[in-house]
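Each position in the sequence shown, counted from 1, maps to that position plus 14 in this note's numbering.
Single-structure report; data block below.
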Amino acid sequence: MNNNYENLVKKFQSFQENDPFKNYMQLLNICDVLLNDFPNELRQEPFYSFTLDVINQLMELRIDIGLKKMYDGTDLDLEIIIREMNLLKKVVPSDEKMQKVINRLFRG
15 MNNNYENLVK
25 KFQSFQENDP
35 FKNYMQLLNI
45 CDVLLNDFPN
55 ELRQEPFYSF
65 TLDVINQLME
75 LRIDIGLKKM
85 YDGTDLDLEI
95 IIREMNLLKK
105 VVPSDEKMQK
115 VINRLFRG
């Protein structure tokens, strides 16, 4: 587990390529690994802090795509929103009220 976590952190810190699409796809890949390989660890350190960093980067990505009108007509923005929502649901407390708040954030 520790080695996998360290690999994820290295990937996250190094995804500054010239091709923004490659960066975005790598970030989505990191999200998938977190969600699929470590779903029960995301509320515990060191995954908690790292997952919050990834969520923040996802938000930056959505803003960047929106401002630059990049990838119009693609499903990339939707893919980002889905990963963001799924990560948030795994990271925030599992009580019913908090989960409702997260779901409402993504309705509109």
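Don't be surprised by glycine CBs; every beta carbon is placed ideally from N, CA and C.
| Asked | Found |
| --- | --- |
| Can you tell me the Cα-Cα spacing of L66 and L75, whole angstroms? | 14 Å |
| M101 to N70, Cα distance in whole Å? | A small correction: the amino acid at residue 101 is Leu; Met does not occupy that position in the sequence shown. C-alpha separation (whole angstroms): 11 Å. |
| What does the Cβ neighbour count give for L81, buried or exposed, with the cut at 16 atoms within 10 Å? | exposed |
| State the start and end residues of the unbroken alpha helix (DSSP H) segment that holds N50. | 34 to 51 |
| Thinking C-beta only, is D91 closer than 7 Å to I79? | yes |
| Cα separation between Y62 and K83? | 31 Å |
| Since I53 and K104 are thought to touch, with beta carbons under 8 Å apart, how far apart are those beta carbons, to the nearest angstrom? | Here residue 53 turns out to be Pro, not Ile, going by the sequence shown. Yes, they are in contact, since the Cβ atoms of P53 and K104 sit about 6 Å apart, within 8 Å. |
| In whole angstroms, what is the alpha-carbon distance linking Y38 and I44? | 10 Å |
| Which residues mark the beginning and the end of the alpha helix (DSSP H) in which T65 is found? | 61 to 82 |
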